[in-house]
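Colleague: Protein chains in written order, with the working numbering: chain Y, 1 to 272; chain F, 1001 to 1181.
We treat Cβ as the ideally placed atom computed from N, Cα and C, and that holds for glycine.
Starting off with a structure, shown below.
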Amino acid sequence: MKERISVDNNEKNMISSRSASRGVAQAVEASDRVRCLTGIDGLDNILNGGIPKGNTTLVTGTCGTGKTSLGLEFILHGAEEEEVGIFITATETSEKLMESMIPYDFFRPKLLKEGKVEFLSLHELYKTAGISGPEIDSKGAASLIKAVVAAVKKRKAKRLVMDSVTSVCARLSTEDRIREFITGLSHALAKEGCTAILISEVPAGSDIYSPYGVEEAVVDGVVLLGNLERRGDLLRTLQVVKMRGATHSRAKYVLDLTSCGVLLAPLLKGGG
Amino acid sequence: MGKLQEMPPASAIALQMGAKHYFDAVRALLDVFAPRKHLHSIYVTATIPSKSIISALEVLDVDLKRTHFVDCVSSMMMGFSEKDEGAVYVESPTMLENILLKVEFLIRKLDGADSVVIIDSINSLAIHNSLKILSEFLHILINHLRSRNAYTVIFAMEEYTTEEVENILSLVCDETVNFTG
């Protein structure tokens, strides 16, 4: 960059790719389990080298905390590393998601053309699974898992994001079915070597990890995104609550969504 | 300025000055120090809006093509609407983590180019923040910038520098340089 940077300070949901730091690479080498680098430097450092490969992680938080952005960045960084990623969306249209990726510094349209990034509609998957009614029974849940895994196998995908799993859980009706669905999906994806992020929406002001209280118990990892009010300032925060197969920081970090990616800084304590 | 020029990359320097030398110091850094060392400047202003600094420096014919602003005061001003395209804005000087994040954002945008990060000033930041959180912020910022091989220059206005602020500067900086114009 030779000249002054032109920046829109109001930029939102903009993400970037960067290779992991040397520290991260060393941590990966030292780790027993193969890791899947999210490509978000700060998060990979918190996780001491990324998410253990094949893990299913719940990314949870209230609206506007950056869940979808984090999921998109995870998929796009993987695609840059030749790992096909599938983004299953229930909340946004594929076109809208594609549009929101364009301002990212690292976004390259060829990733879409080459099929490295694939957007799938959850409603299409429901159709494939033969689910039509408002409620999904155990048989329907099993068919949905099959449909997701078939999509993963077909594309040889190594990363998957479901945005959001809450919309599926809402139709599963019982805690047992939710548990069965997430466990089944998690195991099936791990078998395919696919690392997954399930996005969970929680109501504003709540201090829960998921609306049904089951999701966080059955997944391998939980990343909590939130808002922290401090003396009238509202800060976006990120905290890794659990991650099976990885030693990790449990500290809270402040998050910024920029055109060069999700950036993280330690939350200052001020001696308090 | 000679002492400043001798400092190696990754140094943290407290630049002490009287209020009357303020613009001379800004000019010396942006127009002499940074160009001689082929550095981009990331100017964090918590004192006056970036637009005012830009206007003043343009009058002095200072080339600002390689200067990038993190403006922590403009958003606090009532009726503020016009933004400069070369600046990123932090809503308040109390949002110290966001200052860290905006500095990191600009460093990434510079794509590895050598840089100096100027904090204007510790006194202004001390108005809005407790000294404990300010020390923590500077400690993290400077160590991060050292890892990026970037210079850190922290302005300290003689008239407003208390003993506690001096202690923070001596703790986090390698050198204190008195700017006398």
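1. From the DSSP output, in three-state form, read off F:H1128 for me.
2. Assuming contact is defined by CB atoms lying nearer than 8 Å, are Y:A190 and Y:G85 in contact in what I supplied?
3. Pick from Y:G245, Y:F181, Y:A79: whose alpha carbon is nearest that of Y:D108?
4. F:N1098 versus chain Y: which residues are under 9 Å apart at the beta carbon?
5. Helix, strand or coil for F:P1035 per DSSP?
6. Taking the C-alpha atoms as reference points, what is the distance between F:K1051 and Y:S206?
7. Measuring straight from C-alpha to C-alpha, what distance separates Y:L263 and Y:S173?
8. Going by CA-CA distance only, name the one from F:A1012, F:S1055, F:K1109, F:S1115 that's closest to F:L1039.
9. Would you mind giving the Cβ-Cβ distance between Y:L144 and Y:L125, rounded to the nearest angstrom? I have them listed as a contact below 8 Å.
10. Alpha carbon to alpha carbon, how far is Y:E95 from F:F1155?
11. So is Y:A30 buried or exposed if we call it buried at 16+ other beta carbons inside 10 Å?
12. Just the Cα atoms here: how many angstroms apart are Y:E192 and Y:L160?
13. Would you check if there are 3 or more beta carbon pairs closer than 8 Å linking the stretch 227 to 237 of chain Y to the stretch 1131 to 1140 of chain F?
14. For Y:G270, return the contacting residues in chain F, with the cut-off set at a CB-CB distance below 7 Å.
15. Among F:D1174, F:F1179, F:P1008, F:V1103, which residue has its Cα nearest to the Cα of F:E1158?
16. When we look at the beta-carbon of Y:L228 and count the other beta-carbons within 10 Å, is it buried (16 or more) or exposed?
17. Given F:H1021, which residues of its chain have a CB within under 8 Å of its CB, disregarding the five upstream and five downstream residues?
18. If distances are taken between C-alpha atoms only, which option among F:D1174, F:L1125, F:I1168 comes closest to F:L1096?
19. Between F:C1173 and F:A1012, how many whole angstroms is the CB-CB distance? I'm expecting something under 8 Å.
20. Answer yes if the stretch 1019 to 1035 of chain F comes into contact with the stretch 1100 to 1110 of chain F, meaning at least three C-beta pairs across the two stretches below 8 Å, and no otherwise.
21. How long is the line joining the alpha carbons of Y:G131 and F:P1049, rounded to whole angstroms?
22. Y:I178: which of Y:A151, Y:D137, Y:G232 sits nearest, CA to CA?
23. Y:E38 and Y:F74: beta carbons closer than 8 Å?
24. Can you check whether the CB of F:M1001 is closer than 8 Å to the CB of F:A1019?
25. Would F:T1094 count as contacting chain Y if we go by Cβ distances under 8 Å?
26. I'd like to know if Y:C260 contacts chain F, where contact means its C-beta is closer than 8 Å to some C-beta of that chain.
27. Roughly how many angstroms separate the alpha carbons of Y:R22 and F:R1146, rounded to a whole number?
28. Helix, strand or coil for F:S1115? Go by DSSP, reduced to three states.
29. Here's the rule: buried if 16 or more other CB atoms are within 10 angstroms of the residue's CB, otherwise exposed. What is F:D1061?
30. Can we say the stretch 252 to 259 of chain Y touches the stretch 1085 to 1105 of chain F, given the rule of at least three CB pairs closer than 8 Å?
31. The alpha helix (DSSP H) with Y:R179 in it runs from where to where?
32. Look at the alpha carbon of Y:Y253 and the alpha carbon of Y:V148, and state the distance between them as a whole number of angstroms.
33. Please name the residue in Y:I46, Y:M162, Y:G232 whose C-alpha comes closest to that of Y:S92.
34. Mind pulling the beta strand (DSSP E) runs of 3 or more residues that sit fully within the stretch 141 to 175 of chain Y?
35. Measure the Cβ-Cβ separation of F:T1182 and F:V1073 and say whether it is below 8 Å.
36. Measure how close the beta-carbons of Y:A141 and Y:E175 come, nearest whole angstrom, since I'm counting them as under 8 Å.
Modeller: This is what the structure gives:
1. Residue 1128 of chain F sits at position 128 when you count from the first residue of the second sequence. DSSP places F:H1128 in helix when its eight states are reduced to three.
2. Translated into the one-based positions of the first sequence, residue 190 of chain Y becomes position 190. Translated into the one-based positions of the first sequence, residue 85 of chain Y becomes position 85. Taking 8 Å as the Cβ cut-off, Y:A190 and Y:G85 do not qualify as a contacting pair.
3. As a first step, residue 108 of chain Y is located in the first sequence; it is residue number 108 there, counting from the start. Here residue 108 of chain Y turns out to be Arg, not Asp, going by the sequence shown. Of Y:G245, Y:F181, Y:A79, the residue nearest in Cα terms is Y:A79.
4. Walking along the second sequence from the start, residue 1098 of chain F turns up at place 98. The contacting residues are D233, L235, V254, D256, A265.
5. Along the second sequence, read from residue 1 onward, the residue named residue 1035 of chain F stands at position 35. If DSSP states are grouped into helix, strand and coil, F:P1035 belongs with the helices.
6. Walking along the second sequence from the start, residue 1051 of chain F turns up at place 51. Walking along the first sequence from the start, residue 206 of chain Y turns up at place 206. The alpha-carbon atoms of F:K1051 and Y:S206 are separated by roughly 41 Å.
7. Reading the first sequence from its first residue, position 263 is the one you call residue 263 of chain Y. Reading the first sequence from its first residue, position 173 is the one you call residue 173 of chain Y. Spanning the two alpha carbons is a distance of roughly 37 Å.
8. Position 39 of the second sequence, counted from the first residue, corresponds to residue 1039 of chain F. The shortest Cα separation from F:L1039 among F:A1012, F:S1055, F:K1109, F:S1115 belongs to F:S1115.
9. Along the first sequence, one-based indexing puts residue 144 of chain Y at 144. Along the first sequence, one-based indexing puts residue 125 of chain Y at 125. At roughly 6 Å, the Cβ-Cβ gap stays under 8 Å, so Y:L144 and Y:L125 are in contact.
10. Position 95 of the first sequence, counting from 1, holds the residue named residue 95 of chain Y. Position 155 of the second sequence, counting from 1, holds the residue named residue 1155 of chain F. So the alpha carbons of these two residues sit roughly 48 Å apart.
11. For this step, residue 30 of chain Y is matched to residue 30 along the first sequence. Low confidence applies to Y:A30: its pLDDT is 47, below 50, so where it sits in the model is not reliable, and the reading given next is rough at best. Exposed.
12. If you number the first sequence from 1, residue 192 of chain Y lands on position 192. If you number the first sequence from 1, residue 160 of chain Y lands on position 160. Their backbone Cα atoms lie some 11 Å apart in a straight line.
13. no
14. Counting from 1 along the first sequence, the entry for residue 270 of chain Y is found at position 270. Those are S1130, K1132, I1133, E1136, listed as they occur along chain F.
15. Against the second sequence, residue 1158 of chain F aligns to sequence position 158. Checking every option, the nearest Cα to that of F:E1158 belongs to F:F1179.
16. Against the first sequence, residue 228 of chain Y aligns to sequence position 228. Looking at its Cβ environment, which holds fewer than 16 other Cβ atoms inside 10 Å, Y:L228 is exposed.
17. By 1-based counting over the second sequence, the position of residue 1021 of chain F is 21. Around F:H1021: F1179, T1180, G1181.
18. Within the second sequence, numbered from 1, the residue matching residue 1096 of chain F stands at position 96. If we check each option's Cα against that of F:L1096, F:L1125 comes out closest.
19. Numbered from 1 along the second sequence, position 173 holds the residue referred to as residue 1173 of chain F. Numbered from 1 along the second sequence, position 12 holds the residue referred to as residue 1012 of chain F. Sure, about 5 Å apart at Cβ, within 8 Å.
20. no
21. Locating residue 131 of chain Y in the first sequence gives position 131, counting from the first residue. Locating residue 1049 of chain F in the second sequence gives position 49, counting from the first residue. Reading the sequence as shown, one finds Ile at residue 131 of chain Y and not Gly. Their Cα atoms are separated by approximately 58 Å.
22. Translated into the one-based positions of the first sequence, residue 178 of chain Y becomes position 178. Y:I178 has its Cα closest to that of Y:D137, out of Y:A151, Y:D137, Y:G232.
23. In the first sequence, counting from the first residue as 1, residue 38 of chain Y sits at position 38. In the first sequence, counting from the first residue as 1, residue 74 of chain Y sits at position 74. Before going further, note that residue 38 of chain Y is Thr rather than Glu in the sequence given. Yes.
24. Taking the first residue of the second sequence as 1, we reach residue 1019 of chain F at position 19. Taking the first residue of the second sequence as 1, we reach residue 1001 of chain F at position 1. No. Outside cutoff.
25. Translated into positions along the second sequence, residue 1094 of chain F becomes position 94. Yes - at least one Cβ of chain Y is within 8 Å of the one on F:T1094.
26. Taking the first residue of the first sequence as position 1, residue 260 of chain Y is located at position 260. Yes, Y:C260 lies at the interface with chain F (some Cβ there is under 8 Å from its Cβ).
27. Taking the first residue of the first sequence as position 1, residue 22 of chain Y is located at position 22. Taking the first residue of the second sequence as position 1, residue 1146 of chain F is located at position 146. Any reading at Y:R22 must be qualified, since the residue scores a pLDDT of 48, below 50, and its modelled position is unreliable; the value itself is stated next. The alpha-carbon atoms of Y:R22 and F:R1146 are separated by roughly 16 Å.
28. Here residue 1115 of chain F corresponds to residue number 115 of the second sequence, with the count starting at 1. Of the three classes helix, strand and coil, the one that applies to F:S1115 here is strand, per DSSP.
29. If you number the second sequence from 1, residue 1061 of chain F lands on position 61. The residue in question, F:D1061, is exposed, as its Cβ has fewer than 16 Cβ neighbours within 10 Å.
30. yes
31. Position 179 of the first sequence holds residue 179 of chain Y. Start and end: 175 to 191.
32. Locating residue 253 of chain Y in the first sequence gives position 253, counting from the first residue. Locating residue 148 of chain Y in the first sequence gives position 148, counting from the first residue. Each residue's Cα considered, the two are about 33 Å apart.
33. As a working note, residue 92 of chain Y is residue 92 in the first sequence. For clarity, residue 92 of chain Y is Glu in the given sequence; the question names Ser instead. The residue with the shortest Cα to Cα distance from Y:E92 is Y:M162.
34. 159 to 163
35. Outside the displayed range of chain F (1001 to 1181) lies residue 1182 of chain F, so it cannot be described from this structure.
36. Against the first sequence, residue 141 of chain Y aligns to sequence position 141. Against the first sequence, residue 175 of chain Y aligns to sequence position 175. Actually they do not touch by this definition, with Cβ atoms about 13 Å apart.
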